[in-house]
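Have a look at the structure below, then the notes.
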Amino acid sequence: MTAPTSEDVESYLVRTRWFGGKGRPFRVTGVRTIAELDPADFRTSGDAVSRLRAVRIHLVDVVYDDEEGGAETYHVPLSSYADPVARLEHALVGADGSGLGEVYDAVHDRDAMALWLGAFASATGSAPREVPGARFHRVADTQLDPDATSSPLTGEQSNSSVRFGEQSIMKLFRKVSPGRNPEIEILRALTEAGGDDVPGLIGWADTTVDGSVLQLAMLQTYLRGATDGFVLALSSVRTMLVDESAGSAGFDHEAAELARALARIHRLLREVFPSERRGPEAAVALAERMRERLDRAILAVPELDAHAPRLRGLFARVGELPGLTVQRIHGDMHLGQALRTPQGWRIVDFEGEPAKPLAERVRPDSAWRDVAGVMRSFDYALAVVRMSPADGREPLVRGVDECGEWPVVAREAFVAAYARELGFADGAPPEDEILLLDAYVADKAVYEAVYEQRNRPSWVGIPLAAIARLGHTGETA
Ligand code: ADP
Ligand code: MG
Numbered sequence: 001m002t003a004p005t006s007e008d009v010e011s012y013l014v015r016t017r018w019f020g021g022k023g024r025p026f027r028v029t030g031v032r033t034i035a036e037l038d039p040a041d042f043r044t045s046g047d048a049v050s051r052l053r054a055v056r057i058h059l060v061d062v063v064y065d066d067e068e069g070g071a072e073t074y075h076v077p078l079s080s081y082a083d084p085v086a087r088l089e090h091a092l093v094g095a096d097g098s099g100l101g102e103v104y105d106a107v108h109d110r111d112a113m114a115l116w117l118g119a120f121a122s123a124t125g126s127a128p129r130e131v132p133g134a135r136f137h138r139v140a141d142t143q144l145d146p147d148a149t150s151s152p153l154t155g156e157q158s159n160s161s162v163r164f165g166e167q168s169i170m171k172l173f174r175k176v177s178p179g180r181n182p183e184i185e186i187l188r189a190l191t192e193a194g195g196d197d198v199p200g201l202i203g204w205a206d207t208t209v210d211g212s213v214l215q216l217a218m219l220q221t222y223l224r225g226a227t228d229g230f231v232l233a234l235s236s237v238r239t240m241l242v243d244e245s246a247g248s249a250g251f252d253h254e255a256a257e258l259a260r261a262l263a264r265i266h267r268l269l270r271e272v273f274p275s276e277r278r279g280p281e282a283a284v285a286l287a288e289r290m291r292e293r294l295d296r297a298i299l300a301v302p303e304l305d306a307h308a309p310r311l312r313g314l315f316a317r318v319g320e321l322p323g324l325t326v327q328r329i330h331g332d333m334h335l336g337q338a339l340r341t342p343q344g345w346r347i348v349d350f351e352g353e354p355a356k357p358l359a360e361r362v363r364p365d366s367a368w369r370d371v372a373g374v375m376r377s378f379d380y381a382l383a384v385v386r387m388s389p390a391d392g393r394e395p396l397v398r399g400v401d402e403c404g405e406w407p408v409v410a411r412e413a414f415v416a417a418y419a420r421e422l423g424f425a426d427g428a429p430p431e432d433e434i435l436l437l438d439a440y441v442a443d444k445a446v447y448e449a450v451y452e453q454r455n456r457p458s459w460v461g462i463p464l465a466a467i468a469r470l471g472h473t474g475e476t477a
């Protein structure tokens, strides 16, 4: 099997959205061809016109030469053609290595994606479809139209998503490592348990590398007519700016609905995966981790130092809690992972925090960590509008400073509905739980400060302002 040169792949990586090492000195140390889909093995609607010779699945090994160092592996499927293909010019990677053709990023190639869909369609609930080097699995009793046309999703993404008609959407994992991907595991379990608050899992693709399973992609039900929760929140804040009659309660109904969906998911996760009540030593360990993260963050963002005593005080109180209930959680929850559909809210992207190793991402944690993620999103929504208030809509009837109550109302509606769904009397969680939530909110804001400092320095004021408010007003930032 042939592969493009490391140089061609290096220059392609920096042009993609999903490559995590942009801006850092890196080298491609290997391009491994691990699997191949042969068009002759699949009957697709593109047969008559396509000159596609093969789709090869490669693993690209990258090492970093900066102080941080480290190594990563990326999943890069490529289509190969004997002659240049004009419609794929934007996805050109280079020569195919045999000197006889050119290769393109397969995600952008309809004919290549038709082979992937064909592979999923020909798998059954009891037997995966095998191709040389990879397996395509199918969840029993799922429908799939093999002729649906693919279109890649645009937008900021750490993976690549491809929609097939209006029926399914495939997420192709880009940064991969051996082991089970939490997203496939969780979606599969929730789908089998009949959970309606997530899109159903249809299938997944994997391979075996050095004796370990490596998961390459996941296929799930496409949610029609879905709106991103963060986009909806921004629009709710902006409505206040242009509509005199709009009040800060504009999002409370949506926030409450979303909270109930998240609470149902948490409850189901407790039923299908292990969950346990841990003793005081777990609270001590959690407080310690939060303190350590803060100490490390101060090195990257010195402005945090001024708030450190207050944050340490909060974490110390977490360390005195009698215990901690832990379970499988979403792990990277925020409004951008929630989609509002005509049938209600759905939550996606159960991969956990992409920067963490797989083993850490599947570790049970407190459900309040997910709630804290949503709390921080409400704060971000207002802050993002503050940076660009008008957004083309005019005239403004009030300033952003008059919208300060918006995140407060949304947070209160969310926490009350979440608590009520889980059976806490009067929608008020016990004090110990509120303390945990506050600590997770602080911990998340500390993480954001580092993230923003590195990626969007002009945004670092958003988490810093939230941290400055924490503990002063008694509110959750
Ligand atoms: P990533 O891991 O790259 O963040 P996500 O799983 O969050 O990928 O998906 C990225 C985007 O794709 C989402 O924000 C959403 O807009 C869209 N999306 C994800 N799953 C679905 C789905 N089942 N139906 C419709 N759109 C979806
Ligand atoms: Mg996402």
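In my numbering, the protein residues as written are 1 to 477. Glycine included, every Cβ here is placed at the ideal spot set by N, Cα and C. None of these values were measured; they are calculated from a predicted model.
With fewer than 16 other CB atoms across the displayed protein chains lying within 10 angstroms of its CB, residue 29 is exposed. Counting along the chain, residue 29 sits inside no alpha helix (DSSP H); it lies in the beta strand (DSSP E) bounded by residues 26–37. Taking a cut-off of 8 angstroms for Cβ pairs, the stretch 188–204 and the stretch 213–221 touch, as three or more such pairs fall below it. In this structure, the ligand ADP has no non-hydrogen atom nearer than 7 angstroms to the beta-carbon of residue 81. The DSSP-derived three-state label of residue 61 is strand. Under DSSP, residue 150 takes part in a beta bridge, and its partners are 164.
DSSP, reduced to helix, strand and coil, places residue 22 outside both helices and strands of the structure shown, so it counts as coil. The shortest C-alpha to C-alpha distance from residue 400 to any of 248, 110, 38 and 21 is the one to 248. A direct Cα-Cα distance of roughly 14 angstroms separates residue 340 from residue 349.
Scanning its chain for C-beta atoms nearer than 6 angstroms, with the 5 sequence neighbours on each side dropped, one finds around residue 259 the residues 414, 417 and 418, in chain order. In the three-state reduction of the DSSP assignment, residue 228 falls in the strand class. Within its own chain, the residues whose Cβ lies closer than 7 angstroms to the Cβ of residue 324, once the five positions on either side in sequence are excluded, are 278, 282, 283, 286 and 366, listed in chain order. Fully enclosed alpha helix (DSSP H) runs of no fewer than 4 residues occupy 358–361 of the stretch 310–375, in order along the chain. For the 8 angstroms CB-CB criterion, residue 449 and residue 231 do not form a contact.
By the beta-carbon neighbour count (other beta carbons within 10 angstroms, threshold 16), residue 458 is exposed. Pairing residue 269 with residue 337 gives a Cβ-Cβ distance that is not under 8 angstroms. Ranked by Cα distance from residue 50, the options 61, 36, 82 and 97 are led by 82. Assignment of beta-bridge partners to residue 212 by DSSP yields 209. About 17 angstroms separates the Cβ atoms of residue 226 and residue 251, ruling out a contact at the 8 angstroms cut-off. Looking at the DSSP output, residue 204 sits in a beta bridge with 137 and 218.
Between the alpha carbons of residue 265 and residue 373 lies a gap of roughly 15 angstroms.
The nearest non-hydrogen atom of the ligand ADP is 7 angstroms or more from the C-beta of residue 355.
With 16 or more other Cβ atoms inside 10 Å of its own Cβ, residue 115 counts as buried. Collapsing the DSSP output to three states places residue 301 in coil. Assigned with DSSP and collapsed to three states, residue 270 falls in helix.
Scanning its chain for C-beta atoms nearer than 7 angstroms, with the 5 sequence neighbours on each side dropped, one finds around residue 93 the residues 4, 8, 9, 12, 78, 103, 104 and 105, in chain order. Listed as beta-bridge partners of residue 175 by DSSP are 74.
Counting only unbroken stretches of 4 or more residues, the alpha helix (DSSP H) elements lying wholly within the stretch 82–138 are 110–121, in sequence order. For residue 170, the CB contacts under 6 angstroms within the same chain, skipping 5 residues up- and downstream, are 162, 217 and 219 in chain order.
Within the same chain, and ignoring the five residues on either side of residue 153 in sequence, the residues whose Cβ sits closer than 6 angstroms to its Cβ are 161. Contact between residue 24 and residue 74 fails: their C-beta atoms lie close to 14 angstroms from each other, not under 8 angstroms. Taking 7 angstroms as the cut-off, one finds no heavy atom of the ligand MG near enough to the beta carbon of residue 20.
For the ligand MG, a non-hydrogen atom lies closer than 7 angstroms to the CB of residue 349. Taking a C-beta distance under 8 angstroms as the contact criterion, residue 396 and residue 242 qualify as a contact pair.
Taken in chain order, the complete alpha helix (DSSP H) segments of 4 residues or longer contained in the stretch 389–474 are 405–421, 431–455 and 461–469.
Contact check for residue 175 against residue 69 fails: the beta carbons are separated by 8 angstroms or more.
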